[in-house]
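Residue numbers (the UniProt record's numbering), protein chains in the order written: chain R, 1 to 275; chain X, 1 to 275; chain W, 1 to 275.
Note sheet for the following structure.
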């Protein structure tokens, strides 16, 4: 079994690789998150492109280093693009991340599409506790697109999903990352209760996992993105408690992250899978 | 007839209810306003969800506490969703707000849809002076989506619209709220000339009325949202006069509003309806 | 041949005209740029309206003072609107700007539409070096929607495009503006390497050229918008080096620009066309 310090070294390597390679990341995302996601990726060192139409999906995915699919506010054209791009990613060995926003019986259209997309084997599935738990086959009361479960209730229910992806990432007060490759669960602490008050932080986090997956393994990609957000959220909350200013400073820290900040502030804990 | 101080007490109650209940608000809105609207609702204590496709509209409206429909940049799929969600809201007694952006002969497609949506009896219709006056049957020269009328010219022309909604809210230098229930007009002062320089503030205000309508009457909901914005705009303008900084601080005050700030800064005046 | 100081006087006039006239600018743009573009135009003194559906395109373009078409994340309905609005603009002598985002063989759908739109004679074509060079018939390796060429490599390759437009504007470390009318190339210096780290700055720049084209010639419009951005970027970079804060202060300077700042900071150089 690996150790926390080994994992943190791998996060630092991943961050350095991102700065060196500026990977091209195709994002099919929602109207709320498009601008914010692009800014988070640029601030983190990646090169985002929001190509989300079915007519250009195949050729663009082929030249992308990673793909992020988010089901926040789907249109019919986006739905077609998601299928084409996910299939193209799988065929070409391009890592991709699935963010099943709002998964559950109330939002059946996107949930059926999410089920279909699973056949293309996402590298990482990420969501909040309600989404992940429902996707794993549990019955969960959801409230719109926000979670009604806490993340520490959900992670023990998410094992089943490792049949579909290399890694499952659950965001919440603490984040939990389930790794098939390493056969462990990683708990990521940090962040701030203010983070979910900025809309689309979860969506941007999914795209950032995709960006990291262009330069490292699925597990380290998910871990790096969560650590990146957890540190930025924690440091920003030290400086501002109101939404306008917090949002500005949070983006500053997304941009300012470096080896030293990761070394100093990454707060992770290894748990065993009790399947 | 009620008094200004009674109304302000009801605004404080509404704000407290919002914090206690975090109502789920479905927003069908435009591409310019989606992110900003979600952030304003989160900062105000509500839980926004931008579900705007026709395939999930009915099931999602049924579980929502309120609905906001904005015609800023409609697509065909959104147009279908608007009809389904407005109808579902009416059938299920869910309060909903109609924001007829750009209503007038130049923008006929959305204007016809607005006319159709009136049959589903919105709780509140909100818009700028040009939109409201045109919707009330007057001939108004409009300039794009901005108003060419001042709000104090429009409010006397808006009575006819009370046949379609419980409350009409007109934003401008002063805001005017016409209440069928209370048989009065409420003038709301405050804000800043910088507010209309932040795009989508009007759209976000409509969604905030919807959020408040989940926890109080249509009139108090419209009043609470306008007071919320007027106080935030006034206090932000004391600290910044340029658009980047003003926008950040305006969001800070949207988030910081509380009982004391409402008590101290709400500036409203009651007028009689002279129909 | 004109001089730099004459051109800067014309930029000052254009900026003053914009403040005096608040031109209505129709923008058909992408989901990433919609909000940001509207805020840049409002901060600069224009009145933006994001009317992008085919059912209202003709009537709205007719009342607009300028039109901006951006191919960042096209939908089928937007594609129809682009054709209708570009045609309407040409027929009615309304200046319009074409921003061929991502032009190249990988993104064929939009590139075919861009080729078709050229028949409607845009006033200005603006893009990054890769886009402009590819559109001018050169074979260029592109990376998503970001440029792989530097702007000083591209401008000598862009002459051919003056057959389709009055003016070609290329953004990069230095910006280059090719003018058919004045038979010169204008190099615009300033800005900051942080600017491309804010997503949609290029898209917003295209819309700002459109706004200026409502109040001056195509060449001075392109020059004014580039000078506007170059000064704001340079001054903002003096105050902040991280993305959240830089973005806020950049918008502050977009809003604060005035005669004196243009006079003091405009940094342009005239080059001869060596066709």
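Where a beta carbon is used, it is the ideal one built from N, C-alpha and C, also for glycine.
Problem - Cα-Cα separation between residue 246 of chain X and residue 237 of chain X, rounded to whole angstroms - result: 7 Å
Problem - Residues near residue 268 of chain W in its chain [Cβ-Cβ closer than 6 Å; skip 5 each side] - result: 4, 186, 188
Handout entry: Counterpart residues of residue 175 of chain W in DSSP-defined beta bridges
Key = W:188
Handout entry: Cutoff 8 Å: residue 200 of chain R Cβ touching any chain A Cβ
Key = The structure shown contains no chain A; the protein chains it does contain are R, X and W.
Practice task
Using only alpha-carbon positions, find the residue among R:111, R:202, R:38, R:35 that is nearest to residue 102 of chain R.
Solution key: R:111
Exercise for the section: Taking residue 26 of chain R as part of the beta strand (DSSP E), name the residues at either end of that continuous run. Expected result: 24–28
Practice task
Starting from the beta carbon of residue 77 of chain R, find every residue of chain W whose beta carbon is closer than 7 Å, and list them in chain order.
Solution key: 75, 76
Exercise for the section: Determine the contact status of residue 34 of chain R and residue 31 of chain W, defining contact as a CB-CB distance below 8 Å. Expected result: yes
Practice task
Can you say whether residue 260 of chain R is buried or exposed, counting buried as having 16 or more other CB atoms within 10 angstroms of its CB?
Solution key: exposed
Exercise for the section: Take the Cβ of residue 235 of chain R as the centre, count every other Cβ of all protein chains shown within 10 Å, and call the residue buried at 16 or more, exposed below. Expected result: buried
Practice task
Kindly confirm or deny that the segment 206–225 of chain R and the segment 5–24 of chain R touch, where touching means at least three C-beta pairs closer than 8 Å.
Solution key: yes
Handout entry: Close beta carbons around residue 22 of chain X, own chain, < 7 Å, minus the five adjacent residues each side
Key = 45, 46, 47
Practice task
Could you spell out the range, first to last residue, of the beta strand (DSSP E) harbouring residue 272 of chain W?
Solution key: 267–272
Practice task
Have a look at the DSSP bridge pairing and note the partners of residue 110 of chain R.
Solution key: DSSP, once it has assigned bridges, lists no residue as partnering residue 110 of chain R.
Problem - Per DSSP, cross-strand counterpart(s) of residue 70 of chain W - result: W:99
Handout entry: residue 1 of chain X burial status per 10 Å Cβ neighbour count (16 or more: buried)
Key = exposed
Handout entry: Per-residue contacts from residue 38 of chain R into chain W (C-beta, under 7 Å)
Key = 32, 199
Practice task
Quick one: grab the DSSP three-state call for residue 128 of chain R.
Solution key: strand
Exercise for the section: Just grab the DSSP bridge partners of residue 154 of chain R for me. Expected result: None, per the DSSP bridge assignment.
Practice task
Please name the residue in W:155, W:58, W:256, W:123 whose C-alpha comes closest to that of residue 138 of chain W.
Solution key: W:155
Problem - Neighbour flag for residue 132 of chain W against chain R, beta carbons, 8 Å - result: no
Handout entry: Exposed unless 16 or more other CB atoms sit within 10 angstroms - verdict on residue 99 of chain X
Key = buried
Practice task
Verify the CB distance criterion: does residue 29 of chain R have a CB-CB separation below 8 Å to chain X?
Solution key: no
Handout entry: residue 129 of chain W and residue 69 of chain W closer than 8 Å at C-beta
Key = no
Handout entry: Near-chain R residues of the segment 244–265 of chain W (beta-carbon distance less than 9 Å), N- to C-terminal order
Key = 244, 245, 246, 247, 248
Practice task
Closer than 8 Å by beta-carbon distance: list the chain R residues that pair up with residue 55 of chain X, in chain order.
Solution key: 108, 109
Handout entry: Beta-bridge partners of residue 47 of chain W, as assigned by DSSP
Key = W:24
Practice task
Find the nearest neighbour of residue 273 of chain X within the set X:158, X:121, X:192, X:123, judged by alpha-carbon distance.
Solution key: X:158
Problem - Start and end residues, alpha helix (DSSP H) containing residue 229 of chain X - result: 218–237
Practice task
Excluding the 5 residues preceding and the 5 following residue 54 of chain X in the sequence, name in chain order all residues of the same chain whose CB lies nearer than 7 Å to its CB.
Solution key: 77, 80, 81, 84
Practice task
Please classify residue 193 of chain X: is it buried, with 16 or more other beta-carbons within 10 angstroms of its beta-carbon, or exposed?
Solution key: exposed
Handout entry: As assigned by DSSP and simplified to three states, the class of residue 211 of chain X
Key = helix
Practice task
Output yes if chain R places a C-beta closer than 8 Å to the C-beta of residue 229 of chain X; else output no.
Solution key: no
Problem - Rounded C-alpha distance that separates residue 173 of chain X from residue 150 of chain X - result: 7 Å
Exercise for the section: Quick one: give me the first and last residue of the alpha helix (DSSP H) that residue 91 of chain X is part of. Expected result: 76–91
Problem - Own chain partners of residue 233 of chain R with C-beta closer than 7 Å, once the 5 adjacent residues on each side are dropped - result: 190, 191, 192, 195, 250
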